[in-house]
Structure formats: C-alpha cells, structure tokens
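Which chain is which? The protein sequence lines are V and D, in order. Heads up: the first sequence begins at 109 in our numbering, then just goes up one per residue. Heads up: the second sequence begins at 1433 in our numbering, then just goes up one per residue. Scroll down for the structure; my scribbles are underneath it.
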Amino acid sequence: DIQMTQSPSTLSESVGDRVTITCRASQTIIDWLAWYQQKPGKAPKLLIYKASTLESGVPSRFSGSASGTEFTLTISSLQPDDFATYYCQQYNTSPFTFGQGTKLEIK
Amino acid sequence: EVQLVQSGAEVKKPGEPLRISCKGSGYDFKKYWISWVRQTPGKGLEWMGRIDPSDSYTEYSPSFQGRVTMSVDESINTAYLQWRSLKASDTGMFFCARHQRGSGGYTYATFDYWGQGGLVTVSS
C-alpha cells in the first residue's frame, strides 16, 4: 500500500495566519492527491483534488501544490471556520490511502 | 440537493451479523460509485472498498477483503455494508461516500459527498 505521511500532526495558529500542511507519498502518485477537511462529529469535506484543483464552493484562500511526491495544502489567511483536521488522500493506486491527519488548533 | 443518509448507531456482540445502509437522493444513484470508509482513533481513515451501483461490481481493500460484503438495492437507491460475524476489532465510525465523476464521465476515487457516518460498537 502507498503510505501517506502528513506533517505536522498538530498546528497552533491564529486567525489571519498563513498555514502550510505537507503530505508525502511513499511512491509516485503523479498528481492524484486530494485534501479533505473534517470537523468533530462530521464527515470529511472535499477541498482540493488532482493536487491543486479547488472543489466547487471552497474558498479561494485554500490552495494546493505538488513537487514530486511532496504535496502542500496552504491556507492563505486563516478564518475561524478553518480550525479543523485536514487529511490528504492518494487515489493513484488501490487501495486508496489517507494521511494520518493534521489538527489545526487556535493559538 | 445530493444527500447520503446512513442508518443509525449499532451496538453488537462479537459473532453477531450486521448490515448498515446508505440511501442516496438528489442524483442518479446508478451513475456514481459508492465507497465505504472506516474511521478509528488508532488507524484514522481507511478506505474499505467500493461498489458500482449500475452492475454491483465491487472492489475491496485487501485489509477488508473477506471481512465485509458491499451490495446495493438500486430500486431504493441504497447501498449496504454487511458483516457475517462481527469482531471487537470491527468497531469504528463508518462513512459511505460518493465518488467524483469528471465531465467526460470518468469516475475518480475522490469523494465529493459523504454520509453523516454511523458508529458501530462491537463489545461483549
């Protein structure tokens, strides 16, 4: 199985900050990488697919990028609604696998 | 409005069978694959497998192959996940999720709509 490693596991930031979360794949996944946001007691929500394509309705402060097997989710200016846990997911090869998550907390 | 509505929480004993459901509405149910995803504190999010409602073709993760069975009843737009004999290690939150489809009709293994989740607790 392809292993997806996210860093950091936890992030403490303030409203208005710029935030970057990284996800590294154990082998090439081209750009078949998605990002999800999950809030407590809720299902994950798709934010970005194909490494950098914003899902419809997702605010433009979210962006994604790729360099080889390293992928990045950036939030340009944190809003109160953004404090949640973020997961990456590869869909290049079955079984499709998720990162362990990055919890974004309010500082 | 696209919705996936799952059946409620279940508390079961080891060895008991279980079937949970996921009802789709607001879209053409047959056109979109459904996956099941388990979430546990220890292992996080795990993709279990997927089913194509148009022909009931299934693909399982090796981690779940032989442990669960996925099925659909397209007459009522409902997907099912079932166990013949539960173990304590089957405990978790289970989500159904709809696969994304591209403009050309190609299906991707990204999930654009999710059910609300259903907690399954297996304990003696």
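All residues carry an ideal CB built from backbone N, CA and C; glycine is no exception.
Q. Listed in chain order, which residues of the region 1488-1502 of chain D have Cβ atoms closer than 8 Å to some Cβ of chain V?
A. Against chain V - using a Cβ distance shorter than 8 Å - the residues of the region 1488-1502 of chain D are E1491, S1493, P1494 and S1495.
Q) Are there 16 or more other CB atoms within 10 angstroms of the CB of V:T161, so buried, or fewer, so exposed? A) exposed
(Q) With a threshold of 8 Å, are at least 3 pairs of Cβ atoms found where one atom belongs to the region 1511-1520 of chain D and the other to the region 1444-1453 of chain D? (A) Judged by pairs of C-beta atoms under 8 Å, the region 1511-1520 of chain D touches the region 1444-1453 of chain D, as three or more such pairs exist.
Q: Classify V:K150 as helix, strand or coil using the three-state DSSP reduction.
A: In the structure shown, V:K150 falls within a coil segment according to DSSP collapsed to helix, strand and coil.
Q) In chain V, which residues lie less than 9 Å from D:Y1459 when you measure between Cβ atoms? A) Correct list: empty, because the minimum Cβ distance to chain V is about 14 Å.
Q: Kindly list the residues whose CB is nearer than 6 Å to the CB of V:T201, restricted to its own chain and excluding five residues on each side of it in sequence; keep chain order.
A: I110
**Q.** Buried versus exposed call for V:T182 [16 or more other C-beta atoms within 10 Å across all chains shown]
**A.** exposed
Q: Could you give the DSSP three-state label for V:I137: helix, strand or coil?
A: The three-state reading of DSSP puts V:I137 in coil, since its state is none of H, G, I, E or B.
Q | chain A contact for V:Y194 (CB, 9 Å cutoff) | A | No chain A appears in the structure shown, which is made up of the protein chains V and D.
Q: Find the nearest neighbour of V:S185 within the set V:S117, V:S122, V:W143 and V:T113, judged by alpha-carbon distance.
A: V:S122
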